[in-house]
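Peer 1: After the structure tokens below, expect a handful of questions from me.
There are 2 protein chains.
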Amino acid sequence: MNKDSYEIEPIGTIHSELKTRQEAPNQGCEGAPEAWIDLNPEFAEGLEGISAGCDLILITWLHRARRDVLKVHPRRDPTRPLAGVFATRSPDRPNPLGLHQVRVLEINGARIRVGPLEAIDGTPLVDIKPLLPRSANA
Amino acid sequence: MNKDSYEIEPIGTIHSELKTRQEAPNQGCEGAPEAWIDLNPEFAEGLEGISAGCDLILITWLHRARRDVLKVHPRRDPTRPLAGVFATRSPDRPNPLGLHQVRVLEINGARIRVGPLEAIDGTPLVDIKPLLPRSANA
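Protein chains in written order, with the UniProt record's numbering: chain X, 1 to 138; chain C, 1 to 138.
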């Protein structure tokens with residue numbers, strides 16, 4: 001059994017008008033606003049090749065999530081039967097990583113405007129990846 | 001600037017015939033084999049609702065990757081110009097998280113057979129998410 005652990009260091013922070021989990025839609029395409037990413041300047045070099053119009057996958061650390069939960073009601077709907085967290089996109093899970101597909105709207109140095117994004121204000125960003133064509137892996 | 005750090009605890013391990021980074025294709029759909037996931041039994045309850053035929057996104061910790069690199073040659077091709085790691089799917093990046101879309105082939109308790117998967121043998125698994133329909137976020 002794998003009992004090692006690894007340290008994640010945020011590369012930046014999400015700035016959003018969404019201030020609480022309650023305000024945030026379940027997914028970006030469900031009415032989420034635009035947001036700014038403030039990348040820590042030491043990582044700005046890693047953005048080379050990204051420009052407005054690119055589709056990206058952001059990986060965040062959902063810092064308000066519970067890590068001790070293995071069953072949830074899907075889509076926060078108490079009338080739905082409990083499901084395993086790995087069968088849902090609930091933020092509550094052992095390693096609360098968020099996956100968000102966004103479009104780049106503007107880049108200004110180490111600041112990136114993206115949308116739509118359902119992550120709340122202050123969410124740490126841990127990775128950025130290009131969206132691959134549908135024929136490749138997600 | 002965000003200077004906190006967070007601890008990732010693997011939920012399981014990938015078992016694959018791929019033993020080195022050199023053997024592994026860049027993406028699962030480029031000829032990767034099937035693999036077994038051994039989930040740590042304490043997390044097995046979180047799988048409820050997942051069955052053979054489901055498409056999942058696995059998030060792994062690419063334990064052989066370099067974390068001190070911000071520019072790479074895309075697709076390990078030295079003839080291609082250097083690009084920022086966030087514009088590529090290189091395993092080398094500040095937080096070496098891997099994203100892998102796979103199909104569930106078989107579930108046997110806390111063991112899951114999936115494919116195709118380009119992660120190498122011994123790679124720690126950190127999260128499992130359902131693939132959302134194309135209209136939702138990746």
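Virtual Cβ for every residue (Gly too), placed ideally from N, Cα, C.
According to DSSP, simplified to helix, strand and coil, what is C/Leu-18?
Peer 2: C/Leu-18 falls in the coil class under three-state DSSP.
Peer 1: Given a limit of 7 angstroms on CB to CB distance, which residues of the region 35-56 of chain C reach chain X?
Peer 2: For the region 35-56 of chain C, which is checked against every Cβ of chain X, the residues closer than 7 angstroms are Asn-40, Phe-43, Glu-45, Gly-46, Leu-47, Glu-48, Gly-49 and Ile-50.
Peer 1: Quick one: using the 10 Å Cβ neighbour count with 16 as the cut-off for buried, is X/Asp-92 buried or exposed?
Peer 2: It counts as buried.
Peer 1: For X/Ser-16, go through chain C and note every residue whose CB falls closer than 8 angstroms to its CB, in chain order.
Peer 2: The premise fails here: X/Ser-16 is roughly 14 angstroms from chain C at the closest Cβ pair, so nothing lies under 8 angstroms.
Peer 1: Checking contacts by CB at 9 angstroms: is C/His-73 closer than that to chain X?
Peer 2: C/His-73 does not count as touching chain X.
Peer 1: Would C/Ala-110 pass as a contact of C/Pro-25 if the rule is Cβ separation under 9 angstroms?
Peer 2: No. Outside cutoff.
Peer 1: Rounded C-beta distance between C/Val-114 and C/Val-102? I'm assuming under 8 angstroms.
Peer 2: Right, their Cβ atoms sit about 4 angstroms apart.
Peer 1: DSSP on C/Arg-89, reduced to helix/strand/coil?
Peer 2: If DSSP states are grouped into helix, strand and coil, C/Arg-89 belongs with coil.
Peer 1: With H, G and I counted as helix, E and B as strand and the rest as coil, what does DSSP make of C/Ala-83?
Peer 2: Correct three-state label for C/Ala-83: strand.
Peer 1: Against chain X, with Cβ distances strictly below 9 angstroms, would C/Leu-82 count as a contact?
Peer 2: Answer yes: the Cβ-Cβ gap between C/Leu-82 and chain X drops below 9 angstroms somewhere.
Peer 1: Taking C/Leu-56 as the reference, give the member of C/Arg-75, C/Val-104 and C/Asp-68 with the closest Cα.
Peer 2: The candidate whose alpha carbon is nearest that of C/Leu-56 is C/Val-104.
Peer 1: Within a Cβ cutoff of 7 angstroms, which residues of the same chain sit near C/Asn-137, ignoring the five residues on either side of it in sequence?
Peer 2: Its pLDDT being 41, under 50, C/Asn-137 is placed unreliably by the model, and nothing is read from it.
Peer 1: Pick from C/Pro-124, C/Val-69 and C/Ser-51: whose alpha carbon is nearest that of X/Asn-95?
Peer 2: Checked all of C/Pro-124, C/Val-69 and C/Ser-51; the closest Cα to X/Asn-95 is C/Pro-124.
Peer 1: Under 9 angstroms between beta-carbons, which chain C residues line up against X/Leu-97? List them in chain order, please.
Peer 2: What X/Leu-97 touches in chain C: Ile-8, Ile-59, Leu-97, Val-126, Asp-127 and Lys-129.
Peer 1: Cα-Cα, which of X/Asp-77, X/Val-72 and X/Glu-118 is closest to residue 148 of chain X?
Peer 2: Since the displayed chain X opens at 1 and closes at 138, residue 148 of chain X lies outside it and no answer follows.
Peer 1: So that I know if they touch, is there some Cβ in chain X lying closer than 9 angstroms to that of C/Leu-70?
Peer 2: Interface residue, yes.
Peer 1: X/Glu-118 by DSSP, collapsed to three states: which one?
Peer 2: Correct three-state label for X/Glu-118: coil.
Peer 1: Compare the Cα-Cα distances from C/Glu-30 to each of C/Asn-108, C/Gly-122, C/Pro-130 and C/His-100 and report the closest residue.
Peer 2: C/Glu-30 has its Cα closest to that of C/His-100, out of C/Asn-108, C/Gly-122, C/Pro-130 and C/His-100.
Peer 1: For C/Asp-127, which residues of its own chain have a beta-carbon under 6 angstroms away from its beta-carbon, when the five flanking residues on both sides are left out?
Peer 2: Cβ neighbours of C/Asp-127 beyond the five flanking positions: Ile-59.
Peer 1: DSSP on X/Ala-44, reduced to helix/strand/coil?
Peer 2: Correct three-state label for X/Ala-44: helix.
Peer 1: Just to confirm, does C/Cys-54 get its C-beta within under 8 angstroms of one of the non-hydrogen atoms of the ligand ADP?
Peer 2: As presented, the structure is devoid of all ligands, the ligand ADP included, so that no description of it is given.
Peer 1: Given a cut-off of 9 angstroms on the beta-carbon distance, is the pair X/Ile-112 and X/Leu-39 in contact?
Peer 2: Cβ atoms of X/Ile-112 and X/Leu-39: closer than 9 angstroms.
Peer 1: How big is the Cα-Cα spacing for C/Glu-7 and X/Gly-98?
Peer 2: Near 15 angstroms, if we compare the C-alpha coordinates of X/Gly-98 and C/Glu-7.
Peer 1: Let me know if C/Arg-89 comes out buried or exposed under the rule of 16 or more other beta-carbons within 10 Å of its beta-carbon.
Peer 2: The residue is buried, with at least 16 neighbouring Cβ atoms inside 10 Å.
Peer 1: Where DSSP assigns a beta bridge to C/Asp-127, which residues make up the other side?
Peer 2: DSSP lists C/Ile-59 as partners of C/Asp-127.
Peer 1: Within 10 angstroms of its Cβ, does C/Glu-118 collect 16 or more other Cβ (buried), or is it exposed?
Peer 2: The residue in question, C/Glu-118, is buried, as its Cβ has 16 or more Cβ neighbours within 10 Å.
Peer 1: Count the other C-beta atoms from every protein chain shown that fall within 10 angstroms of the C-beta of C/Ser-51, then say buried if there are 16 or more, exposed otherwise.
Peer 2: Classification for C/Ser-51: exposed.
Peer 1: On the premise that X/Ala-32 lies in contact with X/Pro-116, defined as a C-beta separation below 8 angstroms, what is that separation, rounded to the nearest angstrom?
Peer 2: Yes, X/Pro-116 and X/Ala-32 are in contact; Cβ-Cβ is about 4 angstroms, under 8 angstroms.
Peer 1: Strictly under 9 angstroms for the Cβ-Cβ distance: is C/Thr-79 near chain X by that measure?
Peer 2: It does not: the Cβ of C/Thr-79 has no partner Cβ on chain X nearer than 9 angstroms.
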